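Taking my numbering, the leading residue of the sequence shown gets 3, the next gets one more, and so forth.
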Amino acid sequence: MQGSPEVARELFAPIAPNYERWARVLSLGQDARWRHRMIEASRLAEGSLVLDVAAGTGSITRLLEARGCRVVPVDQSPEMVSKLRNASLSPVIATAESLPFPDESFDGVTFGYLLRYVDDLPGCLGELTRVLRSGGSMGMVEFGLPTGLWRRAWDLYAGGILPLAGVVIGAGWGEVGRFLHSSIIEFGAMWEPETLENVWRDSGMTEVVSQAMSLGGGLVMWGRKT
Ligand SMILES: C[S@@+](CC[C@H](N)C(=O)[O-])C[C@H]1O[C@@H](n2cnc3c(N)ncnc32)[C@H](O)[C@@H]1O
C-alpha cells in the first residue's frame, strides 16, 4: 500500500500516546540501533543546528540533543508532536514537502521513516536538501527489505505476526500492522538503496553511503551537501 501525507496523518494520530514503546517492541528492539548508527555516521559537531523532519515523538531529536546539537523538530502530526519530550527548541508543525525555513539554514537534516509517506519522493528530497547548508550532513533511517533466506523469516514476521500483534495492542496499531508489510515491500521495490542513493545525489548530495542493518530489516543512509 502506497503511503501519502494523508495516510500518515490517519495512521499516527491514534498511536501517538504509546508510539515509542510499541515501536521498540515491534521492531524487536532494533530501531534504536538504526537511529544510533545514522547519528554516528552523520558526524554532526557539538553545537550544530539540526532540522529533524518527521520527528514524531522525538526519538531522533533527543539523541541529537544528547550529542550537543540544537534541534528543531518538524512533523505534520500535532498528535505525535504533543508527545515530544525534552526538545529544547519548539517543534514546528509542517509537512516535509514544504518546509517553512530559508535555504541553507541548517548544519544537519535528519529524518526517520518519512519517505514512504510523501507523494513526490525526489521533490521532497530536494526540499530537505534546500534547507541544508553547503557541506552540511543529512541522515536517514528507514525500514529495509531483507533478501535471501531472511526474506522468508521477515515475511512471516511482518506479514503474519506484526498485523496480529497490532490487533492485540489495539488503539490504531492494527492499521499500522496491516499497512507496513505491503508498504515496505512496495517502497523497497520502487526505491532500492542504490536508486535512493542516486536520488540523493541528484538532489545535490555527495559522499552518499547506505548501510543495511539487522539482516536487511533496517536501512540507514547519510551524505553531505556539495
Ligand atoms: C514512524 S514515525 C517516526 C518518528 C521518528 N522519526 C522516529 O524515528 O521514531 C513517522 C513520522 O513521520 C511523520 N510524517 C509522515 N509524513 C510526513 C510528512 N509528509 N511531513 C512531515 N511529517 C510526516 C508522521 O506524522 C510521524 O510522526
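Glycine residues also receive a C-beta, built at the ideal position from the N, C-alpha and C atoms. Every value quoted in this text rests on a predicted model; they were computed, and no experiment measured them.
Here the distance from the Cβ of Ala-98 to the nearest heavy atom of ligand 1 is below 6 angstroms. DSSP, reduced to helix, strand and coil, places Trp-224 within a strand of the structure shown. Bounds of the beta strand (DSSP E) holding Thr-208 are 207–215.
In this structure, ligand 1 has no non-hydrogen atom nearer than 6 angstroms to the beta-carbon of Gly-161.
Separation of the CB atoms of Met-40 and Met-142 is rounded to 7 angstroms, and the pair is thereby assigned contact status at 8 angstroms.
Its chain contains Leu-51, Val-52, Leu-53, Val-133, Leu-134, Arg-135, Gly-138 as the residues whose beta carbon lies nearer than 7 angstroms to that of Phe-108, once the 5 sequence neighbours on both sides are disregarded; these appear in chain order.
Nearest neighbour of Val-111 by Cα position, chosen from Leu-101, Tyr-159, Arg-118, Tyr-119, turns out to be Leu-101. Glu-48 sits in coil when the DSSP states are folded into three classes, being neither helix nor strand. For Pro-7, the shortest C-beta to heavy atom distance toward ligand 1 is below 6 angstroms.
For Leu-116, the secondary structure class from DSSP, reduced to helix, strand or coil, is coil.
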